[in-house]
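Report on one structure; see the data block that follows.
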Amino acid sequence: MTIKQKIQTVELADGRRIEVRRLKWKATRAFLAQLGGVLSGLFKGIGADVTALEVTVAEMADRLPELIAGSDELIVSLVTGATALKAEEFGELDALEASEILAAAIAVNLDAELKNCWAAIGNTIAGLIPAQSLPTAVKGKTPTS
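Heads up: the sequence shown begins at 528 in our numbering, then just goes up one per residue.
Structure representation (structure tokens):
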């Protein structure tokens, strides 16, 4: 397997070129921790029973761009991890420039290759968890009685 670094370049109005790359592993872990906090708050906020939700990893991955775009903390974490921009620099950009950089960061860091990799990891881990056995009969009774 050959892994290539994905890079998208966004040209700003002043001529600067911003390279947007995949997050480093350390930044990815921090981003995922922040994302987990946002998701937890989202589920608690709507009163959802997380254990009763039937959402696949792929479905969650498809909704991530929308979720990230709605959270300033996640936006800044993703953009500063994927570019050489500091949070203050990013905050001073024109709205369109910031949006283009965010779109590139989402495209590079949530592409099909990474989503498929994360889905495979999730499915492998799920396969390691033993299924709870269901009782086939109540003690003292048979299924036909």
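Built from N, CA and C at the ideal position, the CB exists for glycine as well.
#1: Using the beta-carbon count (16 or more within 10 Å), is residue 604 buried or exposed?
#2: Beta-carbon separation of residue 529 and residue 636 under 9 Å?
#3: Got a sec? Which residues, its chain only, sit under 6 Å from residue 539 by beta carbon, not counting five neighbours each side?
#4: Is residue 565 a contact residue of the ligand ATP, with contact defined as CB to any heavy atom under 8 Å?
#5: Would you list the residues sitting across from residue 535 in a DSSP beta bridge?
#6: May I ask which residues mark the beginning and end of the alpha helix (DSSP H) holding residue 631?
According to the structure shown:
#1: So residue 604 ends up on the buried side.
#2: Against a cut-off of 9 Å, the Cβ pair of residue 636 and residue 529 comes out as no contact.
#3: Non-local beta-carbon contacts of residue 539 in its own chain, meaning distances under 6 Å to residues more than five positions away in sequence, involve 624 in chain order.
#4: Of the ligands one can find in the structure shown there are none, so the ligand ATP has no counterpart to examine.
#5: 547, per the DSSP bridge assignment.
#6: Where residue 631 is concerned, the enclosing alpha helix (DSSP H) stretches over 622-636.
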